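Protein chains in written order, with the working numbering: chain U, 378 to 885; chain S, 2 to 336; chain F, 3 to 159.
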């Protein structure tokens, strides 16, 4: 069955009443779960897992997939409105999204994000449809050496991701790296820095850190400056939509984000989160308006949000085409498949085409549904901003506690919220950057894992890290990006004004 | 803006009434749980000491769903991951022995962890109450379909000729597949190297498919038949006696003459000190679930059903503890 | 509301100094972890690298502080703002601290009540009503409907 036949077949499967309902329920639930700070798609899918057992396999998987990318849509909403990311993939959206909200452009940003997520999701689905089996092979090419290059390189690249001075970036990053080593490490089960406390073997939960660092620290700032708070004025309809210029500026980030997100989704690990970081970094490197990034540039929201949705979609490829789950969400979907007797693997496409093509088609349908659902909701979300602080803040704090606790049913995470919020508030006051701490926490375990597994695998030969062609290519790319700015300045100084500068110099 | 035109004393009276009602509700709540009505009369919590994306979840949820029907009350699955399962199981072991908190135990938590961690609230089957055995997942040996080894013997000859060079990926050091390999190495005097790929057994399989290791040791067979059908891998052996349903072509190591006893075992456990009638009810309900046709169909995914009585369970755990202890001693001696 | 300022220089220098101490302690603990062999690297390897990075970052912070002109300051809240902030922090601590004992619902209700009193001039009664309403809604949504397992009242057992 070639791609076109497949997608038509898939659409016929997806457009049955049951499956449409499943997609709607999944997407809706996913959006709500994504909006809640802390509660991410993993927890949400785990909750509906028993429900999906009573549905037939295709409907169950459609519901879960809907929940997954619904959560991606929803997670950005709170990130933009109240600086509280719904899950780790929306952290980057906080940076420029919240700044834009403070400038009164909340509605516009939410619209741009909805459109971008749609574009990223749909193009990603098309890519999956056409190239699924071949794409699965891509994931196979990446082993510890390649991943080490990717993650360690990423650490170098992302350390300055939210601007600021060198110290302001790498000091929090080092703290983030440090926090990532607390707990029981995965390879040998050794407890590190737990000081005998059993609870600490769980380590620092990313969600708790992110919500505390951004959300609760921001709430502390708001409370501190309560008297100086300006009540947001009623938003005119015109302000709800992005301006011409904002749309125009978003087009290129949409494209870049889609490509980057699509590629990242094919790799194991927290692909959506990494994709959003990489997309933001890419915007920093190549965008015309890079000087505005961090202060409220629409590119800083359009690119990453498109990327994380594209990654969420393409992360289905390894599951559907190889039968191997690359993350907790796809692992849950695998469990659901198992329960229904659908044998995952390369043969699933031919043995259970209705599942394979049905899920893919439903991703298209789901993305459409989400846009239709979310756009009217934007005005609802924006009007929420006008709820007085003394009502809004208690609710948000209570909900954030539920979200964070429920990730691992751990009171430690809630306590971590508090501690991290204090650290985040202090760091912000001292003009340090917060994003690198998240980068450290996310990349730290990955770097260590791949470094050690690479050495295990090569029986001790360090050369494994620099003999693989893909690894070399990645390092070269990292070096190029790192040196792009300094090199360009060097050229400009050496050769005069021969270098193409976006902002025209007056010394022409 | 005034909401009500009542006087202050009116409000105070209302407040007193609200507080009194609240207090009454709380107290009745207490008395309800204190009354010894027949078990079970409220929801049971089934604690799974691993995250929801682990291989332990499907079987736990299947069991919980079926147990609900047999006992007639809700059975809620709660994931409490951490510490390789010791945190979640610690919660089970220390829970009130009223039959309303039970959960999953695996031999890696119960037999292995107490050997490496001295601070656990459970050491031997004396510290908790075994209820039933959900099933057993053996370890299988998988190689690529395009490799030159077509039988277990060919592979083992290759391993013998290249000591410490042939790599088999496992889902982590000191996990069941790794320990099975160590036991195998010890009993047959071979030197197969295990390479850990953490993050779920998917990564270990990926390493094999990507030709970064020569073989993989996989717990159970989720996804493997699919790979076999696609002509990507070949299952050479299964570390148990007799055939293993998901991959019937795999040679049994025990039948081939090699001794290994370890598999991944999944049990239902409860805290020690259950009242006799509660224990009896739990055991009989669990046995009913496990011997049902529905559970058997589910188990086809890769679990070997091996129903045992609670006493036999304890014996099995003790035996596994012994094996793990011996293997650990050998491993610690390695230079 | 007058704001005090502290010198950015002192802030950065002391943060960098704190970082150095932290990295020293961190590496000291890390050195006790097993390092393993080249072909079986142990748990201690990565933390030592991280400690080195922290040390480097701390030095960078100190350098940054050194370069900052003495006059540059960082605003910190004072007076009523600061009092409010500290009360919020205390409330949060109380909330999270009592949650395992009082259970989510009770501690949330109390927290919402006290927070609203802190942030607004509403009466105790209005705040209680609102708090009860909020907590009730959240309870219905999450605990009753979605069955999210939150801590429950555990004072007596």
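Just so you know, even glycine gets a beta-carbon here, dropped at the ideal spot from N, CA and C.
Computed from a predicted model, the values in this text were never measured in an experiment.
Residues of its chain near residue i, where Cβ-Cβ distance is below 6 Å and the 5 sequence neighbours each way are ignored
i	result
residue 383(U)	734
residue 14(F)	63, 66, 67
residue 399(U)	436, 439, 440
residue 32(S)	Here the model assigns residue 32(S) a pLDDT of 43, short of 50, so the residue's position is not dependable and the matter cannot be decided.
residue 687(U)	497, 501, 635, 638, 639
residue 2(F)	Past the edges of chain F, shown from 3 to 159, lies residue 2(F), and the structure says nothing about it.
residue 465(U)	583, 587, 650
residue 717(U)	434
residue 508(U)	none
Start-to-end residues for the beta strand (DSSP E) that takes in residue i
i	result
residue 9(F)	6-9
residue 131(S)	129-138
residue 236(S)	234-239
residue 388(U)	Here residue 388(U) belongs to no beta strand (DSSP E); instead the alpha helix (DSSP H) covers 380-391.
residue 40(S)	Counting along the chain, residue 40(S) falls outside any beta strand (DSSP E), and DSSP gives it neither H nor E.
residue 169(S)	168-171
8 Å Cβ shell around residue i - same chain, five flanking residues per side excluded
i	result
residue 36(S)	Model confidence at residue 36(S) stands at a pLDDT of 43, short of 50, so the residue's coordinates are unreliable; what they give is reported in the following sentence. Result list for residue 36(S): empty, nothing under 8 Å.
residue 444(U)	403, 404, 406, 407, 410, 418, 421, 422, 425
residue 761(U)	458, 769
residue 130(F)	115
residue 8(F)	75, 76, 78
residue 142(F)	none
Segment limits, alpha helix (DSSP H) that includes residue i
i	result
residue 793(U)	788-806
residue 430(U)	418-430
residue 139(F)	126-140
residue 686(U)	676-691
Short CB-CB distance (under 8 Å) between residue i and chain A
i	result
residue 94(F)	Among the protein chains in the structure shown, which are U, S and F, there is no chain A.
Own chain partners of residue i with C-beta closer than 7 Å, once the 5 adjacent residues on each side are dropped
i	result
residue 106(S)	90, 268, 270
residue 354(S)	Within the shown structure, residues of chain S are numbered from 2 to 336, placing residue 354(S) beyond reach of any answer.
residue 828(U)	525
residue 181(S)	140, 218, 240, 261, 263
residue 533(U)	855, 859
residue 881(U)	With a pLDDT of only 47 at residue 881(U), under 50, the local geometry of the prediction cannot be trusted, and no value is derived from it.
residue 690(U)	446, 498, 501, 502, 505, 642, 740
Cβ-based burial, residue i [other Cβ within 10 Å; buried from 16]
i	result
residue 668(U)	exposed
residue 119(S)	exposed
residue 572(U)	exposed
residue 34(F)	exposed
residue 683(U)	buried
residue 520(U)	buried
residue 156(S)	buried
residue 601(U)	buried
Any non-hydrogen atom of the ligand MN within 7 Å of residue i CB
i	result
residue 721(U)	What this structure holds is no ligand at all, so the ligand MN is not there to describe.
How about the stretch 651-659 of chain U and the stretch 533-553 of chain U: do they share at least three Cβ pairs that are nearer than 8 Å?
-> yes
Please determine if the stretch 227-242 of chain S and the stretch 138-148 of chain S are in contact, where contact requires at least 3 C-beta pairs separated by less than 8 Å.
-> yes
Against chain S: residues of the stretch 722-734 of chain U by CB proximity under 8 Å = 722, 723, 724, 725, 728
Cβ-based contacts, 7 Å cut-off: residues of the stretch 780-792 of chain U near chain S = 785, 786
Any 3 or more C-beta pairs closer than 8 Å across the stretch 151-165 of chain S and the stretch 107-126 of chain S = Here the stretch 151-165 of chain S makes no contact with the stretch 107-126 of chain S; the two share fewer than three CB pairs at distances below 8 Å.
In the stretch 754-782 of chain U, which residues sit with their C-beta less than 8 Å from some C-beta in chain F, listed in chain order?
-> 765, 766, 767, 768, 770, 771, 772, 774, 775, 776, 778, 779, 782
Using 8 Å as the threshold, is the stretch 703-718 of chain U in touch with the stretch 51-63 of chain S, meaning 3 or more CB pairs across them?
-> yes
Contact between the stretch 512-523 of chain U and the stretch 687-702 of chain U: three or more CB pairs below 8 Å?
-> Touching, yes.
Stretch-stretch touch, CB-based, cutoff 8 Å, three pairs: the stretch 853-868 of chain U with the stretch 543-556 of chain U | no
Any residues in the stretch 560-575 of chain U with a beta carbon nearer than 8 Å to a beta carbon of chain F? Which ones, in chain order?
-> 562, 564, 565, 567, 569, 570
Taking any Cβ of chain F, which residues in the stretch 468-498 of chain U have a Cβ under 9 Å from it, in chain order?
-> none
Residues of the stretch 697-708 of chain U whose Cβ lies closer than 9 Å to any Cβ of chain S, in chain order = Correct list: 699, 700, 701, 702, 703, 704, 705, 706, 707, 708.
Please confirm if the stretch 116-123 of chain F is in contact with the stretch 88-100 of chain F, defined as three or more CB-CB distances below 8 Å between the two stretches.
-> Between the stretch 116-123 of chain F and the stretch 88-100 of chain F there are three or more inter-stretch CB-CB distances shorter than 8 Å, so the stretches are counted as touching.
Please confirm if the stretch 719-728 of chain U is in contact with the stretch 479-495 of chain U, defined as three or more CB-CB distances below 8 Å between the two stretches.
-> Contact between the stretch 719-728 of chain U and the stretch 479-495 of chain U is absent: fewer than three C-beta pairs spanning the two stretches fall below 8 Å.
Taking any Cβ of chain F, which residues in the stretch 793-808 of chain U have a Cβ under 8 Å from it, in chain order?
-> 794, 795, 798, 799, 806, 807, 808
Using a Cβ cut-off of 9 Å, which residues of the stretch 33-46 of chain F contact any Cβ in chain U, in chain order?
-> 35, 36, 38, 39, 40, 41, 42, 43, 44, 45, 46
Check each residue of the stretch 819-846 of chain U: if its Cβ is closer than 7 Å to any Cβ of chain S, include it; give the result in chain order.
-> 826, 830, 833, 834
Determine which residues of the stretch 401-429 of chain U have a Cβ less than 7 Å from any Cβ of chain S, and write them out in chain order.
-> 419, 423, 426, 427
Should the stretch 165-177 of chain S be regarded as contacting the stretch 205-222 of chain S, the criterion being three or more beta carbon pairs within less than 8 Å?
-> yes
Does the count of Cβ pairs from the stretch 11-31 of chain F and the stretch 300-310 of chain S closer than 8 Å reach three?
-> no
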